[in-house]
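Read through the structure below, which is laid out as structure tokens, and then see the notes.
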Amino acid sequence: MRRAGIVALNTFREAVRDRVLYNLVFFALAMIAASILVGQVSIGIEEMVIVTLGLSAISVIGLLIAVFIGVGLVSKEMDKRTLYALLAKPVRRWEFLLGKFGGLVLTLTVNTAAMAAGLFLALSLVKQGTEHVEGSVLVAVYFILLKLALVVALALLFSCFTTPLLSILYTAGLYIAGLFVTEMRNFQSETMSRGLQTLLRWLSYLLPNFENFDVMAAAAHGRAIPGVLIAQNTAYAALYCAVVLTAAAAIFTRRNLK
Amino acid sequence: MATAAIEIENLTKDYPFGFLHLKKKTSLEGLTMSVEDGEVFGFLGPNGAGKTTTIKLLVGLIFPTAGTARILGKSISDISMHADIGYLPEQPYFYDYLTAAELLDYFARIHDVSSQERRLRVDHMLKKVGLETARKIQLRKYSKGMLQRVGLAQAILHDPKVVILDEPMSGLDPVGRREVRDIILELKQAGKTVMFSTHILSDAEMLCDRVGVIVGGKLRGVGAPDEIVGMKAQAMEILFEYAGAAGLQPLLSKATQTGKRYRMQVSEADLYATLQQLGGARAKILSVSQVKSTLEEYFMHLVEADRAQAPAVEVSGK
Numbered sequence: 039m040r041r042a043g044i045v046a047l048n049t050f051r052e053a054v055r056d057r058v059l060y061n062l063v064f065f066a067l068a069m070i071a072a073s074i075l076v077g078q079v080s081i082g083i084e085e086m087v088i089v090t091l092g093l094s095a096i097s098v099i100g101l102l103i104a105v106f107i108g109v110g111l112v113s114k115e116m117d118k119r120t121l122y123a124l125l126a127k128p129v130r131r132w133e134f135l136l137g138k139f140g141g142l143v144l145t146l147t148v149n150t151a152a153m154a155a156g157l158f159l160a161l162s163l164v165k166q167g168t169e170h171v172e173g174s175v176l177v178a179v180y181f182i183l184l185k186l187a188l189v190v191a192l193a194l195l196f197s198c199f200t201t202p203l204l205s206i207l208y209t210a211g212l213y214i215a216g217l218f219v220t221e222m223r224n225f226q227s228e229t230m231s232r233g234l235q236t237l238l239r240w241l242s243y244l245l246p247n248f249e250n251f252d253v254m255a256a257a258a259h260g261r262a263i264p265g266v267l268i269a270q271n272t273a274y275a276a277l278y279c280a281v282v283l284t285a286a287a288a289i290f291t292r293r294n295l296k
Numbered sequence: 235m236a237t238a239a240i241e242i243e244n245l246t247k248d249y250p251f252g253f254l255h256l257k258k259k260t261s262l263e264g265l266t267m268s269v270e271d272g273e274v275f276g277f278l279g280p281n282g283a284g285k286t287t288t289i290k291l292l293v294g295l296i297f298p299t300a301g302t303a304r305i306l307g308k309s310i311s312d313i314s315m316h317a318d319i320g321y322l323p324e325q326p327y328f329y330d331y332l333t334a335a336e337l338l339d340y341f342a343r344i345h346d347v348s349s350q351e352r353r354l355r356v357d358h359m360l361k362k363v364g365l366e367t368a369r370k371i372q373l374r375k376y377s378k379g380m381l382q383r384v385g386l387a388q389a390i391l392h393d394p395k396v397v398i399l400d401e402p403m404s405g406l407d408p409v410g411r412r413e414v415r416d417i418i419l420e421l422k423q424a425g426k427t428v429m430f431s432t433h434i435l436s437d438a439e440m441l442c443d444r445v446g447v448i449v450g451g452k453l454r455g456v457g458a459p460d461e462i463v464g465m466k467a468q469a470m471e472i473l474f475e476y477a478g479a480a481g482l483q484p485l486l487s488k489a490t491q492t493g494k495r496y497r498m499q500v501s502e503a504d505l506y507a508t509l510q511q512l513g514g515a516r517a518k519i520l521s522v523s524q525v526k527s528t529l530e531e532y533f534m535h536l537v538e539a540d541r542a543q544a545p546a547v548e549v550s551g552k
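One line per chain: the protein sequences are A and B, in this order. Every number in this note's numbering is 38 more than the matching position in the first sequence, counting from 1. Every number in this note's numbering is 234 more than the matching position in the second sequence, counting from 1.
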């Protein structure tokens, strides 16, 4: 476990030294600045507009980082053969995977925190006394982070056995499908057989449910987010990540590094 | 009696390929050998012979189809074995966003080296491989030879008992090669076991207590360089001076002349008869020496024999 931590810190260092990350953060800050301008022309609903635009920017930027860096976490190391020297040392393969996952999640946490700080700064500039807006925005940011951790775990899983391009397609496909699990679960059609409907329902339980992490509307309107939802989403993300990482480890542990 | 640091028994590696992976390429076939504790062992073979495959199997980067191997008495699947080995990959490449000092510090952390000890070891290793002045330069700016030096430093950083080097001389200039040779000899003096693969036969001859020659995925010969080249027929070389012309004509036709001097090779069985003949003709014998076949000749002999046997052998671990 200690070695997974060392790998995680190195993965974080790699991301920090990667200029693309800085550009994305700059982009996020620019988006938030733009939201302030929009807010100024949105009389009476400035906070709502800023929260919506800010959270959207944090989510999109985070997703780009999670997918594009996530799919390269293992495949890049295999292509460049940088992991040969590391795996010949007393590092178990699952420790390496956990470290790579932890490193990118740490990177996303720092980035999301920086972007959230920018958002709160923007909010403070137009603040009109609504107190619980900030609390619900904070929860919304936390949910985005949980969602990103889940996306990183999926990208890492695909990265263990397929090419980066296919990993991007699979991860993006699962993410998009995961936004519509409720529709999939409740979908009913006269032309669809009973068996297919059952299959769809089961599939909706298996797919990662990204809908649960979307509380942007509640945050924008300053509605409080129930504590039970926070606990439920935290447990769901942790459990789903654990299952996906276990699958990734099972594949990677058997893989020949040719 | 010396104990084996590395024991390999019937190690085999097949790679499936083709539709549904129904066909297989055999990269290594039933390799059985051992490397004794404290010896320098050279692993020789042409490209695609199975050297890198063997080394990757030993360090756990790939998994055997059949057979077993043990390093210092521990199975290669035992993670604790990795604490006692150092490994230099072929054409090493490292995290290019790190400096050499950062990379070594990272690997030392992995090996549980304390922070104070880490600083000392990193400094010592950078000095040892001649990268002191380049310690703060990111590895992306390093040449191939410099990366090879970093690779060597990370392999011996944690003072391992067994050091496995895959083509350690590759990409190095003559100075670098000399330095690597010195490091290998230092390791031997410190009682470490060193196994390295190489194409450079003169280095193997110079450094190794024993060598193993692998061709077409099969081990073709193991032994001390002197021993294994001795398997080939030897000849004797006679250097003599002779001013006359008539009496020795049949012998002189077999010799190479340089001024008054003649150089001639005869078989061991014919040596004394030839010397008597030369003495009788009043030729002046300057020297008699044994002509040893080189490791290169032995190596080429095995490679050619393998090609003649199976011209379409296609092996690759890459």
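C-beta atoms are modelled at their ideal positions from N, C-alpha and C, and glycine is treated no differently.
My guess is that Glu-273 of chain B and Thr-427 of chain B are in contact by the Cβ rule of under 8 Å, so how many angstroms apart are they, rounded?
-> Confirmed, Cβ separation roughly 6 Å.
Same chain, Cβ closer than 6 Å to Arg-293 of chain A, five either side skipped, listed in chain order | Hits under 6 Å: none found.
Could you name the residues that DSSP lists as bridge partners for Asp-400 of chain B?
-> Looking at the DSSP assignment, Asp-400 of chain B forms a beta bridge with B:Ser-431.
Within chain B, partners of Leu-295 of chain A - CB distance below 8 Å = For Leu-295 of chain A, the chain B residues whose C-beta falls within less than 8 Å of its own C-beta are Lys-290, Leu-295, Ile-296, listed in chain order.
Tell me, to the nearest whole angstrom, how far the beta carbon of Phe-181 of chain A is from that of Asn-271 of chain A; I am working on the premise that it is less than 8 Å.
-> Contact between Phe-181 of chain A and Asn-271 of chain A holds: their C-beta atoms lie close to 6 Å from each other, under 8 Å.
Give a yes or no on whether the minimum CB-CB distance between Ile-44 of chain A and chain B is below 9 Å.
-> Cβ-Cβ to chain B under 9 Å: yes for Ile-44 of chain A.
Run through DSSP, which three-state label would Val-549 of chain B get?
-> Confidence at Val-549 of chain B is low in this model, with a pLDDT of 38, below 50, so its placement is unreliable and the value that follows should be read with caution. Reduced to three states, the DSSP call for Val-549 of chain B is coil.
Would you mind sorting Pro-264 of chain A into buried or exposed? The rule is 16 or more other CB atoms within 10 Å of its CB.
-> Residue burial annotation: Pro-264 of chain A is exposed, with fewer than 16 other C-beta atoms found within 10 angstroms of its C-beta.
Would you list the one or two residues that DSSP bridges to Gln-423 of chain B?
-> DSSP, once it has assigned bridges, lists no residue as partnering Gln-423 of chain B.
Would you tell me roughly how many angstroms separate the C-alpha atoms of Val-177 of chain A and Leu-142 of chain A, rounded to the nearest one?
-> When rounded, the distance between both Cα atoms is 21 Å.
Given a threshold of 16 other Cβ atoms within 10 Å of its Cβ, counted over all protein chains shown, does Ala-542 of chain B qualify as buried or as exposed?
-> Exposed.
Rounded distance between the beta-carbons of Thr-299 of chain B and Lys-370 of chain B, thought under 8 Å | Your pair Lys-370 of chain B and Thr-299 of chain B does not check out as a contact, with CB atoms roughly 45 Å apart and the cut at 8 Å.
Segment contact, 8 Å Cβ cut-off, at least three pairs: the region 149 to 156 of chain A with the region 239 to 246 of chain B = The region 149 to 156 of chain A makes no contact with the region 239 to 246 of chain B: fewer than 3 CB pairs, one atom from each, lie closer than 8 Å.
Mind listing which residues of the region 117 to 133 of chain A have their C-beta closer than 8 Å to chain B's C-betas, in chain order?
-> Result list: Lys-118, Arg-119, Thr-120, Tyr-122, Ala-123, Leu-124, Leu-125, Ala-126, Lys-127, Pro-128, Val-129, Arg-130.
Run of the beta strand (DSSP E) containing Arg-497 of chain B, from where it starts to where it stops | Run containing Arg-497 of chain B: 495 to 501, per the beta strand (DSSP E) assignment.
Partners in chain B for Arg-55 of chain A, counting only beta-carbon separations shorter than 7 Å | Listed along the chain, the chain B residues whose CB falls inside 7 Å of the CB of Arg-55 of chain A are Tyr-331.
For Met-359 of chain B versus Leu-391 of chain B, is the C-beta distance shorter than 9 Å?
-> It is a contact, given that the beta carbons lie within the stated cut-off.
Among residues of its own chain, excluding the 5 on either side of Ile-434 of chain B, which ones have a beta-carbon nearer than 8 Å to its beta-carbon?
-> Counting only residues of its own chain and dropping the five nearest sequence neighbours on each side, Ile-434 of chain B has a CB closer than 8 Å to the CB of Met-403, Arg-411.
Distance between beta carbons of Gly-137 of chain A and Thr-49 of chain A, contact taken as under 8 Å = Contact between Thr-49 of chain A and Gly-137 of chain A is confirmed by a C-beta separation of about 6 Å, below the 8 Å threshold.
Who does Pro-459 of chain B pair with in a DSSP beta bridge?
-> DSSP lists no partner for Pro-459 of chain B.
Which residues DSSP lists as bridging Val-522 of chain B, in chain order | The bridge partners DSSP lists for Val-522 of chain B are B:Ile-472.
Determine the direct distance from the alpha carbon of Lys-488 of chain B to that of Pro-545 of chain B, and round the result to whole angstroms.
-> Low confidence applies to Pro-545 of chain B: its pLDDT is 48, below 50, so where it sits in the model is not reliable enough to give any reading.
Take Asp-339 of chain B as the anchor and find which of B:Val-356, B:Glu-461, B:Gln-499, B:Gly-364 has the nearest alpha-carbon.
-> Of B:Val-356, B:Glu-461, B:Gln-499, B:Gly-364, the residue nearest in Cα terms is B:Val-356.
CB contact below 9 Å: Asn-48 of chain A versus chain B | Chain B contact via Cβ: present.
Would you be able to state if there are at least three C-beta pairs under 8 Å between the region 198 to 205 of chain A and the region 245 to 261 of chain A?
-> Contact fails: fewer than three Cβ-Cβ distances are below 8 Å.
Which same chain residues, not among the five before or five after Leu-256 of chain B, have their C-beta less than 8 Å away from its C-beta?
-> Excluding sequence neighbours, Leu-256 of chain B sits near Pro-250.
Any chain B beta carbon closer than 9 Å to Glu-52 of chain A = For Glu-52 of chain A, the answer is yes, since a Cβ of chain B falls inside 9 Å of its Cβ.
Kindly indicate the opening and closing residues of the beta strand (DSSP E) around Arg-353 of chain B.
-> Per DSSP, Arg-353 of chain B belongs to no beta strand (DSSP E); it is in the alpha helix (DSSP H), 349 to 362.
By DSSP, does Phe-277 of chain B sit in helix, in strand, or in coil?
-> DSSP, read as helix, strand or coil, puts Phe-277 of chain B in strand.
Would Ile-107 of chain A be called buried (16 or more neighbouring beta carbons within 10 Å of its own) or exposed?
-> Ile-107 of chain A should be labelled buried.
From Lys-518 of chain B to Phe-474 of chain B, what distance separates their C-alpha atoms?
-> Distance between the alpha carbons of Lys-518 of chain B and Phe-474 of chain B is about 5 Å.
Contacting residues, own chain, Cβ-Cβ under 6 Å from Glu-471 of chain B (five flanking each side not counted) = For Glu-471 of chain B, the CB contacts under 6 Å within the same chain, skipping 5 residues up- and downstream, are Gln-499, Ser-523, Val-525 in chain order.
Give the interface partners of Arg-239 of chain A over in chain B, defined as CB-CB distance under 7 Å, in chain order.
-> For Arg-239 of chain A, there are no neighbours in chain B by C-beta distance under 7 Å, as the nearest C-beta there is about 33 Å away.
What does a CB cutoff of less than 8 Å around Leu-453 of chain B pick up in its chain, not counting 5 residues either side in sequence?
-> Excluding the 5 residues flanking it on each side, Leu-453 of chain B has same chain C-beta neighbours closer than 8 Å at Leu-265, Thr-266, Met-267, Gly-446, Val-447, in chain order.
Local conformation of Asp-437 of chain B per DSSP, three classes | Looking at Asp-437 of chain B - three-state DSSP - the assignment turns out to be helix.
Taking Cβ positions only, does Gln-388 of chain B come closer than 9 Å to chain A?
-> Contact with chain A is found for Gln-388 of chain B, since one of that chain's Cβ atoms lies less than 9 Å from the residue's Cβ.
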